[in-house]
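Engineer: Following our numbering, the numbering of the sequence shown begins with 1 at its first residue and continues without gaps.
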Amino acid sequence: MALNMKQQLGLKGEARNVVRASRRPVVVRANAAAAATTTAAPTTAAPAPAKYGVFRLSYDVNNEDPSLTRTWKKTVKVAVTGASGNIANHLLFMLASGEVYGKDQPVALQLLGSERSFGALEGVAMELEDSLYPLLREVTIGVDPAEQFRDADWCLMIGAKPRGPGMERADLLQQNGEIFMNQGRALNEAASRNCKVLVVGNPCNTNALIAMENAPNIPRRNFHALTRLDENRAKCQLALKAGKFYTSVSRMAIWGNHSTTQVPDFLNAKIGGLPAMNVIRDQKWFKEEFTPKVAQRGGALIKKWGKSSAASTAVSIADGIRSLVVPTPAGDCFSTAVCSDGNPYGVRDGLIFSFPCRSKGDGDYEICQDFIIDDWLREKIGATEDELQKEKECVSHLIGQYGGSCSIRGAPDTTVPGEN
Numbered sequence: 001m002a003l004n005m006k007q008q009l010g011l012k013g014e015a016r017n018v019v020r021a022s023r024r025p026v027v028v029r030a031n032a033a034a035a036a037t038t039t040a041a042p043t044t045a046a047p048a049p050a051k052y053g054v055f056r057l058s059y060d061v062n063n064e065d066p067s068l069t070r071t072w073k074k075t076v077k078v079a080v081t082g083a084s085g086n087i088a089n090h091l092l093f094m095l096a097s098g099e100v101y102g103k104d105q106p107v108a109l110q111l112l113g114s115e116r117s118f119g120a121l122e123g124v125a126m127e128l129e130d131s132l133y134p135l136l137r138e139v140t141i142g143v144d145p146a147e148q149f150r151d152a153d154w155c156l157m158i159g160a161k162p163r164g165p166g167m168e169r170a171d172l173l174q175q176n177g178e179i180f181m182n183q184g185r186a187l188n189e190a191a192s193r194n195c196k197v198l199v200v201g202n203p204c205n206t207n208a209l210i211a212m213e214n215a216p217n218i219p220r221r222n223f224h225a226l227t228r229l230d231e232n233r234a235k236c237q238l239a240l241k242a243g244k245f246y247t248s249v250s251r252m253a254i255w256g257n258h259s260t261t262q263v264p265d266f267l268n269a270k271i272g273g274l275p276a277m278n279v280i281r282d283q284k285w286f287k288e289e290f291t292p293k294v295a296q297r298g299g300a301l302i303k304k305w306g307k308s309s310a311a312s313t314a315v316s317i318a319d320g321i322r323s324l325v326v327p328t329p330a331g332d333c334f335s336t337a338v339c340s341d342g343n344p345y346g347v348r349d350g351l352i353f354s355f356p357c358r359s360k361g362d363g364d365y366e367i368c369q370d371f372i373i374d375d376w377l378r379e380k381i382g383a384t385e386d387e388l389q390k391e392k393e394c395v396s397h398l399i400g401q402y403g404g405s406c407s408i409r410g411a412p413d414t415t416v417p418g419e420n
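(1) Could you check which residue in F355, E379 and A88 has the C-alpha nearest to that of D421?
(2) Between L351 and G256, what straight-line distance do the alpha-carbon atoms span, to the nearest angstrom?
(3) By DSSP, does G98 sit in helix, in strand, or in coil?
(4) Once you ignore the five residues that flank L187 on each side, which residues in its own chain have a CB closer than 7 Å to its CB?
(5) In terms of DSSP beta bridges, what is A253 paired with?
(6) DSSP has H224 in a bridge; who is on the other side?
(7) Quick one: Cα of Y101 to Cα of V107, how far?
(8) Under the rule that 16 or more other beta-carbon atoms within 10 Å means buried, what is T206, buried or exposed?
(9) Apart from the five residues just before and just after A300, which ones in its own chain have a Cβ nearer than 6 Å to its Cβ?
(10) Relative to the alpha-carbon of G340, which residue among Q389, V326, A50 and R378 has its alpha-carbon at the smallest distance?
(11) Check I210 in the structure and name its three-state DSSP category.
(12) Which same chain residues end up closer than 7 Å to A310 when comparing Cβ atoms and leaving out the 5 residues on each side of it in sequence?
(13) Can you name, in chain order, every residue of its own chain whose Cβ lies under 7 Å from the Cβ of V54, other than the five neighbours on each side?
(14) Using the Cβ count rule (16 or more neighbours within 10 Å means buried), how would you classify G342?
(15) Taking the beta strand (DSSP E) that P356 belongs to, which residues open and close that run?
(16) For chain C, find out if any of its Cβ atoms is closer than 8 Å to the Cβ of S316; answer yes or no.
(17) Could you give the C-beta distance for I158 and T81, rounded to a whole number, given that I count them as a contact under 8 Å?
(18) Applying the 10 Å Cβ sphere with the 16-neighbour rule, what's the burial state of D413?
(19) Could you tell me the distance, in whole angstroms, from the CA atom of H258 to the CA atom of F353?
(20) If I'm right that K241 touches I280 with Cβ under 8 Å, what's the distance once you round it to whole angstroms?
(21) Among D362, R221 and T75, whose alpha-carbon lies nearest the alpha-carbon of D349?
(22) What ranges does the alpha helix (DSSP H) occupy inside the stretch 64-148, keeping only unbroken runs of at least 4 residues that lie completely in it?
(23) Assign Q283 to buried or exposed, taking buried as 16 or more other Cβ atoms, counted over all protein chains shown, within 10 Å of its Cβ.
(24) Please state whether the Cβ-Cβ distance between V263 and K392 is less than 8 Å.
(25) Expressed to the nearest angstrom, what Euclidean distance is found between the alpha-carbon atoms of A337 and T313?
(26) Hey, would you say A96 sits closer than 8 Å to L109, going by beta carbons?
(27) Is the Cβ-Cβ distance between T140 and K51 less than 8 Å?
(28) Would you kindly report the start and end of the unbroken alpha helix (DSSP H) that includes C339?
(29) In this structure, what does DSSP give as the bridge partners for L274?
(30) Around the C-beta of E289, are 16 or more other C-beta atoms found within 10 angstroms, so that it is buried, or is it exposed?
(31) Excluding sequence positions up to five away, which residues of its chain have a Cβ less than 7 Å from the Cβ of E189?
(32) Let me confirm a value: D362 is counted as buried when at least 16 other C-beta atoms fall within 10 Å, else exposed. Which label applies?
(33) Between F223 and P275, what straight-line distance do the alpha-carbon atoms span, to the nearest angstrom?
(34) Note down the Cα distance separating R137 from G98, rounded to an integer number of angstroms.
(35) Can you tell me which residues form a DSSP beta bridge with K51?
(36) State the DSSP-derived secondary structure class of L156, mapped to helix, strand or coil.
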């Protein structure tokens with residue numbers, strides 16, 4: 001579609017209604033026609049968030065090389081919370097470039113920040129403008145979850161409150177739980193009915209549970225918590241120990257919680273197509289060194305350069321999404337924490353629990369049913385399951401299940417080192 005004169009001038013009438021962060025840290029959603037009148041007819045449909053900058057202009061697909069665009073799909077809408085943070089600063093450009101959803105998949109980014117971070121959010125949008133990604137069709141920025149989640153096909157929930165000095169895990173659950181309760185309700189109100197949700201903000205398993213329980217209009221199986229970074233770290237450690245490149249490692253699953261109780265599954269892992277325990281003949285290393293190395297990798301990173309693992313977390317989010325939109329190779333799996341309802345391994349229902357999964361590349365998944373569970377693995381899976389159940393009881397009032405008690409208060413801290 002060619003641009004008319006009003007569009008070429010940047011929609012000045014509409015632009016006056018987008019209040020810049022230097023004046024007031026909110027986005028006002030209004031169109032130019034409504035602004036020109038003192039009264040407006042009532043409407044039941046909520047207006048869409050204002051598009052940012054150059055993204056207010058109509059996109060003319062005829063300006064692109066037809067050999068690139070003939071296979072382009074319908075634009076996918078991706079909402080991202082914590083969009084001005086360090087993780088998002090790496091991830092958003094992967095999303096816009098086609099690296100995640102595919103080189104034939106246009107995307108619209110719906111970025112959620114806070115009033116305090118709105119100036120930084122504008123800066124992110126400016127960088128996306130200047131990057132000139134052909135597949136990036138729209139960028140909207142705002143501070144209202146219901147607006148930014150409007151019709152979203154995917155919601156990547158990165159934002160969460162950081163842990164304060166001396167704060168217990170129970171307190172962190174409470175503070176972030178309220179955020180994810182409200183964002184879950186916003187998803188329920190505004191997102192696509194088949195929206196896929198990936199929670200990154202910690203404690204991510206229980207935050208995902210809270211969001212899921214507050215969004216009954218979205219299928220429970222569509223909610224994920226990120227354990228792909230744990231899987232990637234486990235693959236790296238196996239490769240280092242075996243003296244093989246990490247692409248040789250397959251069927252590396254993470255069970256349970258994203259905490260120090262997580263269970264990297266070396267029993268079912270393979271290296272070069274062979275059982276990992278046949279390649280690395282050192283059971284003591286597997287049981288006493290491998291798991292702590294995976295769980296403590298983030299802390300080791302901070303000790304080396306004083307920063308958290310924002311880049312590798314962003315890569316693992318991209319990997320986790322690709323695992324759902326690209327078919328899983330035969331005989332392999334990927335790790336993601338999903339709703340445990342009806343799982344084949346006897347984990348109690350109603351938790352967000354990491355399992356080995358497979359996908360046909362349609363955005364859906366199935367839990368693998370062919371993993372061997374020995375006594376040692378069963379005991380470890382039971383321990384991480386118990387922890388998740390205790391976390392659930394701590395937030396029972398946020399998921400409509402009153403009467404639970406918080407038994408993790410005063411208990412040893414199981415937060416993954418290097419994360420808040």
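Beta carbons are placed, not taken as given, at the ideal position from N, Cα and C, and that holds for glycine.
Keep in mind the model is a prediction, meaning the values are calculated, not measured.
Structural biologist: So, to answer that:
(1) Because the chain is modelled from 1 through 420, residue 421 falls outside the range shown and cannot be assessed.
(2) Start at 1 with the first residue of the sequence shown, and residue 351 comes out as number 351. Start at 1 with the first residue of the sequence shown, and residue 256 comes out as number 256. Cα to Cα, the separation comes out at about 9 Å.
(3) What you label residue 98 is simply residue 98 of the sequence shown in a count that begins at 1. Coil.
(4) Numbered from its first residue, the sequence shown carries residue 187 at position 187. Once the five neighbours on either side are set aside, the close Cβ partners of L187 are F149, C155, C195, V197, A211, A215 and I218.
(5) Reading the sequence shown from its first residue, position 253 is the one you call residue 253. D265.
(6) Counted from its first residue, the sequence shown places residue 224 at position 224. The partner list for H224 (beta bridge, DSSP) reads L198.
(7) Taking the first residue of the sequence shown as position 1, residue 101 is located at position 101. Taking the first residue of the sequence shown as position 1, residue 107 is located at position 107. When rounded, the distance between both Cα atoms is 8 Å.
(8) Against the sequence shown, residue 206 aligns to sequence position 206. The C-beta of T206 has 16 or more other C-beta atoms within 10 Å across all chains shown, which makes the residue buried.
(9) As a position in the sequence shown, residue 300 is number 300, starting the count at 1. Excluding positions up to five away in sequence, the list is empty.
(10) Counting from one through the sequence shown, the residue named residue 340 turns up at place 340. Here the sequence assigns Ser to residue 340, which means Gly is not the residue at that position. Ranking the options by Cα distance to S340, first place goes to Q389.
(11) Counted from its first residue, the sequence shown places residue 210 at position 210. If DSSP states are grouped into helix, strand and coil, I210 belongs with the helices.
(12) Translated into the one-based positions of the sequence shown, residue 310 becomes position 310. The beta carbon of A310 is closer than 7 Å to those of N86, I87 and H90 in its chain, skipping five residues each way along the sequence.
(13) Residue mapping note: residue 54 aligns to position 54 of the sequence shown, counting from 1. E129, listed in sequence order.
(14) Looking up residue 342 in the sequence shown gives position 342. It counts as exposed.
(15) Position 356 of the sequence shown, counted from the first residue, corresponds to residue 356. That run of the beta strand (DSSP E) goes I352 to R358.
(16) Here there is only one protein chain, and chain C is not present.
(17) Translated into the one-based positions of the sequence shown, residue 158 becomes position 158. Translated into the one-based positions of the sequence shown, residue 81 becomes position 81. I158 to T81, Cβ: 6 Å. Contact.
(18) Mapped onto the sequence shown, residue 413 falls at position 413. With fewer than 16 neighbouring CB atoms inside 10 Å of its own CB, D413 falls in the exposed class.
(19) The residue labelled residue 258 in the question sits at position 258 within the sequence shown. The residue labelled residue 353 in the question sits at position 353 within the sequence shown. C-alpha of H258 to C-alpha of F353: approximately 9 Å in a straight line.
(20) The residue labelled residue 241 in the question sits at position 241 within the sequence shown. The residue labelled residue 280 in the question sits at position 280 within the sequence shown. That belief holds up - the Cβ atoms of K241 and I280 are roughly 5 Å apart, short of 8 Å.
(21) Residue 349 sits at position 349 when you count from the first residue of the sequence shown. Looking at the Cα atoms, R221 is the closest of the given residues.
(22) If we require 4 residues or more, the alpha helix (DSSP H) runs fully inside the stretch 64-148 come out as 66-69, 86-97, 118-131 and 145-148.
(23) The residue you call residue 283 lines up with position 283 of the sequence shown. Under the 10 Å beta carbon count, Q283 is surrounded by fewer than 16 other beta carbons and is classified as exposed.
(24) Position 263 of the sequence shown holds residue 263. Position 392 of the sequence shown holds residue 392. Not a contact, by the Cβ cut-off of 8 Å.
(25) The sequence position of residue 337 within the sequence shown is 337, counting from 1. The sequence position of residue 313 within the sequence shown is 313, counting from 1. A337 and T313: Cα-Cα distance of roughly 15 Å.
(26) Walking along the sequence shown from the start, residue 96 turns up at place 96. Walking along the sequence shown from the start, residue 109 turns up at place 109. Taking 8 Å as the Cβ cut-off, A96 and L109 qualify as a contacting pair.
(27) As a working mapping, residue 140 is identified with position 140 in the sequence shown. As a working mapping, residue 51 is identified with position 51 in the sequence shown. Yes. Within cutoff.
(28) For the purposes of this step, residue 339 is identified with residue 339 of the sequence shown, where counting begins at 1. From DSSP, C339 is part of no alpha helix (DSSP H) but of the beta strand (DSSP E) over F334 to C339.
(29) Within the sequence shown, the letter at position 274 stands for residue 274. When beta bridges are read from the DSSP output, L274 appears opposite I271.
(30) Here residue 289 refers to the residue found at position 289 when the sequence shown is read from its first residue. That one is exposed.
(31) Along the sequence shown, one-based indexing puts residue 189 at 189. Cβ-Cβ distances below 7 Å link E189 to A146 in the same chain, with the five nearest sequence neighbours on each side left out; the list follows chain order.
(32) Within the sequence shown, numbered from 1, the residue matching residue 362 stands at position 362. D362 is classed as exposed because its beta carbon has fewer than 16 other beta carbons within 10 Å across all chains shown.
(33) By one-based count along the sequence shown, residue 223 stands at place 223. By one-based count along the sequence shown, residue 275 stands at place 275. Answer to the nearest angstrom: the Cα atoms are 31 Å apart.
(34) Within the sequence shown, residue 137 is the residue found at index 137, counting from 1. Within the sequence shown, residue 98 is the residue found at index 98, counting from 1. Cα to Cα, R137 sits roughly 12 Å from G98.
(35) The residue labelled residue 51 in the question sits at position 51 within the sequence shown. Note: K51 sits in a beta bridge opposite T140.
(36) Here the question's residue 156 lines up with position 156 in the sequence shown. When DSSP states are grouped into helix, strand and coil, L156 belongs to the strand group.
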